[in-house]
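*Asks:*
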């Protein structure tokens, strides 16, 4: 994998998008120690401290876009969860619809998918070595470091006096996530969404959460019941009826997550 490391950038997604727009294929992934304007889904800001997060954008050259393309976000979340568990046993990473990584009930990371000129750019952000988070995120966010015991932190070299850039570790994680993501994306493009469903179900942490439904008049909130095999989210509405909404374009969180 051709990996470009940057010390600081406004957004790895922007760098990746501009590479596609210029018609260049110099890199397969763009990683940064720090982003000054990192963003998540629906324009949300992504908080990071220099050198403590995995901040990467994958360029999926020559990978057919699935129908719908939002399935790539599902595939990326699964790939990231699997890779983290392999790298840091005994972590148990869960998934919250549509593509959040959850550890011990708090957000560990997220995924952003953008399509530029028929090329998918998949951004992945994961909290690796943060000791603590600013007050607004303290109860909702978690890092790999926080999720491990003191003994495991030392074993995985995460308990250094000063976090440092961790470039070798991040390169290892990027290689693992990128390989698995491309594998899943190719399989989904040829076989459809049902391939991913059992992989998602094994980690699903969506049920009971509150979402706003964007394709129903008045945009009511609903309680998540389950993720369907085609990855629509089935919810119970305030009038007790049920509604299945499709992928990431149909819903948004209303609880600040």
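Residue numbers (our numbering): 321 to 577. Glycine included, each C-beta is placed from N, C-alpha and C at the ideal position. Quick caveat: nothing in here was measured; it's all calculated off a predicted structure.
1. By alpha-carbon positions, which one of 471, 534, 529, 380 ends up nearest to residue 392?
2. Excluding the 5 residues preceding and the 5 following residue 386 in the sequence, name in chain order all residues of the same chain whose CB lies nearer than 6 Å to its CB.
3. From residue 516 to residue 397, what does the alpha carbon distance come to, in whole angstroms?
4. Which runs of the beta strand (DSSP E) at least 3 residues long sit entirely within the segment 500 to 554? Give them in chain order.
5. With residue 435 as the anchor, note down where its beta strand (DSSP E) starts and where it stops.
6. Once you ignore the five residues that flank residue 483 on each side, which residues in its own chain have a CB closer than 6 Å to its CB?
7. Between 555, 565, 495, 506, which lies nearest to residue 324 when the distance is taken from Cα to Cα?
8. Please go through the same chain and pick out, in chain order, the residues whose beta-carbon is closer than 7 Å to the beta-carbon of residue 424, but skip the five residues on each side of it.
9. Tell me, please, whether the segment 413 to 420 touches the segment 516 to 530 by the rule of three or more beta-carbon pairs shorter than 8 Å.
10. Given the structure, does residue 473 come close to the ligand SAH, in the sense that its CB is under 7 Å from one of the ligand's heavy atoms?
11. Residue 552 to residue 388, Cα distance in whole Å?
12. What is the residue span of the beta strand (DSSP E) that residue 443 lies within?
13. Between the alpha carbons of residue 578 and residue 394, how many angstroms are there, rounded?
14. Please tell me whether residue 473 and residue 479 are closer than 8 Å, where the distance is taken between their beta carbons.
15. Use the C-beta contact count for residue 534: other C-beta atoms within 10 angstroms, 16 or more gives buried, fewer gives exposed.
16. Should the segment 405 to 412 be called in touch with the segment 328 to 342, which here means at least 3 C-beta pairs below 8 Å?
17. Does DSSP classify residue 380 as helix, strand or coil?
*Replies:* A quick look at the data gives this:
1. 380
2. 508, 509
3. 11 Å
4. 530 to 533, 541 to 547
5. 426 to 436
6. With a pLDDT of 48 at residue 483, under the threshold of 50, the modelled position of this residue cannot be trusted; read the value that follows with caution. Counting only Cβ-Cβ distances below 6 Å, and skipping sequence neighbours, we find 371, 372, 449.
7. 495
8. 462, 467
9. yes
10. Here there are no bound small molecules, and the ligand SAH is not part of this structure.
11. 11 Å
12. 439 to 447
13. Residue 578 is absent from the model: the chain starts at 321 and stops at 577.
14. yes
15. exposed
16. no
17. strand
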